[in-house]
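Residues in the sequence shown are numbered from 203 upward in steps of one, following the numbering used here.
We treat Cβ as the ideally placed atom computed from N, Cα and C, and that holds for glycine.
Values in this document were obtained by computation on a predicted structure and should not be read as measured data.
Written out below as structure tokens is the structure these notes cover.
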Amino acid sequence: MIFLGFLLVGCAQGAKQPTEGVTRSGLEQKDFQSEVDGKPVGLYVLENKNKMEVCITNYGGRIVSIVFPDKEGKLRDVVLGFDNIKSYIDTDNNFGATIGRYGNRIAHGRFSLDGVVYQLPINNFGHCLHGGNKGFHTRVFDAEQPNGQTLVLSYTSADGEEGFPGRLQVKVQMRLTDTNALEIAYEATTDKKTIVNLTNHSYFNLSGDPSHSILDEQLMLNADRFTPIDSTFMTTGVIEGVEGTPLDFRKPTPIGKRIAQKDVQLRNANGYDHNFVLNTKDTTEVAARLFSPLTGIQLEVFTNEPGLQVYSGNFLDGTVRGKKGIAYQQHAALCLETQKYPNSPNNPTWASPVLKAGEVYKSYCIYKLGIRN
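Structure representation (structure tokens):
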């Protein structure tokens, strides 16, 4: 699976708001039309010939809904989120968001480049998570929709924003194909050496019903190893094998089969919240596969990144109500985030997240849906 014409579509400034209407998932576009930080926000709709629909807001570059017909032809919305822009703004969340500048955690919020130490906000158990207090999930992206199946989002992160060095220019292209794949292509350039690790934080529930947990959904990971974490969710700096542990998903396994086992890693994460070391090298190999026996819907993940963060919605507790007023309980969804390993800026033996002036960061994530018996 190959991306063609990576981000060749230009982003016009001052793109018009999307027209009003009701989406297949029941979202009303008028409920997303607003202004945040002096910039227009709206809901953009991508559709293919197979009745698959993806709705995206440029607030945080968020996937709001993904609608796909199940084995009986019934349309199912398979991601968590809200049905209005106010809830995204007012609720501390990262549902469906484009995460940056650095997805996942950086130990104690510190890293160094060329002998200069940079301090980032501390916002998660003594560490910096997902880019700080005001990461990309809180920013308004410029949006341009060149056609009904493509959206290009652009954002310029100022030098020093959330403590990161360099003026970072980011483009995110989301393209829905007629083979039912949502292709996400990230590109970034900088005027000063910096670090970057972009990802998407969609919460998947392939049953299409967030009141039904994902514990019966079957997960396969193309990974023999993972990076263990301590009680603060920080990677310990080593890599271990999954064999003989509850983190072995090399064969399709229900997510809930071993999640309650007495295991130090499950205890530290309160479930699954781990980075897996992928065996894959590029987007031609499946990195992960998720399947719902209830709907027959299957999700495949492809990436050129070395790692995949698997998070089983451990901190959802019913206090947040999403689309259709449904309370999001623990294990209501699964996140599959393609990435560099957590805390890579402080581990020189892992794939480097450093981006230099004159270089181009490119990262790919594909979420492909299908039906399986």
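{"Item": "Beta-carbon proximity list for Asp263, same chain, < 7 Å, skipping 5 on both sides", "Value": "First, the amino acid is wrong: residue 263 is Gly here, not Asp. Correct list, in chain order: Ala299, Thr300, Phe338, Phe343, Leu355 and Val374."}
{"Item": "Inter-residue spacing [alpha-carbon to alpha-carbon] between Lys218 and Gly228", "Value": "Bear in mind that a pLDDT of 48 at Lys218, under 50, signals an unreliable position, so the model cannot answer this."}
{"Item": "Ser359 (DSSP reduced to helix, strand or coil)", "Value": "strand"}
{"Item": "When Asp475, Asp233, Tyr290 and Asp418 are compared against Val522, the one with the closest alpha-carbon", "Value": "Tyr290"}
{"Item": "Residue closest to Ile568, alpha-carbon to alpha-carbon, out of Val372, Asn399, Pro367 and Leu384", "Value": "Leu384"}
{"Item": "For Phe338, the three-state DSSP class (helix, strand or coil)", "Value": "helix"}
{"Item": "Member of Thr551, Lys276, Asp316 and Gly244 whose CA lies at the smallest distance from the CA of Ile441", "Value": "Thr551"}
{"Item": "Span of the beta strand (DSSP E), counted from its first residue to its last, around Gln321", "Value": "Val318 to Gln321"}
{"Item": "For Phe234, the three-state DSSP class (helix, strand or coil)", "Value": "helix"}
{"Item": "Helix, strand or coil at Asp279 [DSSP, three-state]", "Value": "strand"}
{"Item": "Distance between Lys253 and Gly275 (C-alpha atoms, nearest Å)", "Value": "10 Å"}
{"Item": "Three or more C-beta pairs below 8 Å linking the segment 513-533 and the segment 414-429", "Value": "yes"}
{"Item": "For Leu421: DSSP bridge partner residues", "Value": "Thr455 and Leu492"}
{"Item": "Exposed unless 16 or more other CB atoms sit within 10 angstroms - verdict on Asn296", "Value": "buried"}
{"Item": "Sequence-distant residues of its chain with Cβ nearer than 7 Å to Pro152 (five each side left out)", "Value": "The chain is shown from 203 up to 575; residue 152 falls before or after that span and cannot be answered."}
{"Item": "Cβ contact (3+ pairs, closer than 8 Å) linking the segment 360-378 and the segment 386-402", "Value": "yes"}
{"Item": "Cβ-based neighbour list, Tyr543, same chain, cut-off 6 Å, excluding 5 preceding and 5 following", "Value": "Thr429, Asn477, Gly509 and Trp552"}
{"Item": "The segment 236-253 touching the segment 346-354, judged by at least three CB pairs closer than 8 Å", "Value": "yes"}
{"Item": "Per-residue burial, Asp519 [other beta carbons within 10 Å of its own, 16 or more giving buried]", "Value": "exposed"}
{"Item": "Stretch pair the segment 322-335 + the segment 423-438: three plus CB contacts closer than 8 Å", "Value": "yes"}
{"Item": "Contacts around Gly311, its chain only, beta-carbon distance under 7 Å, and the 5 residues preceding and following it disregarded", "Value": "Gln321, Leu322, Pro323, Ile324, His329 and Cys330"}
{"Item": "Exposed unless 16 or more other CB atoms sit within 10 angstroms - verdict on Asn472", "Value": "exposed"}
{"Item": "Contact check, Glu237 vs Glu230, beta carbons under 9 Å", "Value": "no"}
{"Item": "Bounding residues of the beta strand (DSSP E) (the contiguous stretch that carries Gln467)", "Value": "Here Gln467 belongs to no beta strand (DSSP E); instead the alpha helix (DSSP H) covers Val466 to Ala471."}
{"Item": "From Glu364, Ile258, Val466 and Ala345, residue whose alpha carbon lies closest to that of Ser404", "Value": "Ile258"}
{"Item": "Which listed residue (His332, Glu445, Ser409 and Lys483) has its alpha carbon closest to that of Val281", "Value": "Ser409"}
{"Item": "Beta-carbon contacts of Leu480 that lie in its chain and below 7 Å, excluding the five residues immediately before and after", "Value": "Asn424, Ala425, Ala489, Pro508, Gly509 and Leu510"}
{"Item": "Simplified DSSP state of Asn325, which is helix, strand or coil", "Value": "coil"}
{"Item": "Rounded Cβ spacing between Leu468 and Phe406 (contact assumed at less than 8 Å)", "Value": "Their Cβ separation, rounded to whole angstroms, is 20 Å, which puts Leu468 and Phe406 out of contact at 8 Å."}
{"Item": "Identity of the residue in Tyr261, Ala534 and Gly362 nearest Asp292 by Cα", "Value": "Tyr261"}
{"Item": "Opening and closing residue of the beta strand (DSSP E) in which Asp344 lies", "Value": "Asp344 to Asn349"}
{"Item": "Same chain, Cβ closer than 6 Å to Tyr563, five either side skipped, listed in chain order", "Value": "Ala390, Val398 and Leu557"}
{"Item": "Reference Thr340, options Ile573, Gly524, Arg303 and Ala535, closest by Cα", "Value": "Arg303"}
{"Item": "His476 - partner residues in DSSP beta bridges", "Value": "Val512"}
{"Item": "Element boundaries [beta strand (DSSP E), containing Lys288]", "Value": "Taken as a continuous stretch (DSSP letters only), Lys288 belongs to no beta strand (DSSP E), being part of the alpha helix (DSSP H) at Ile287 to Asp292."}
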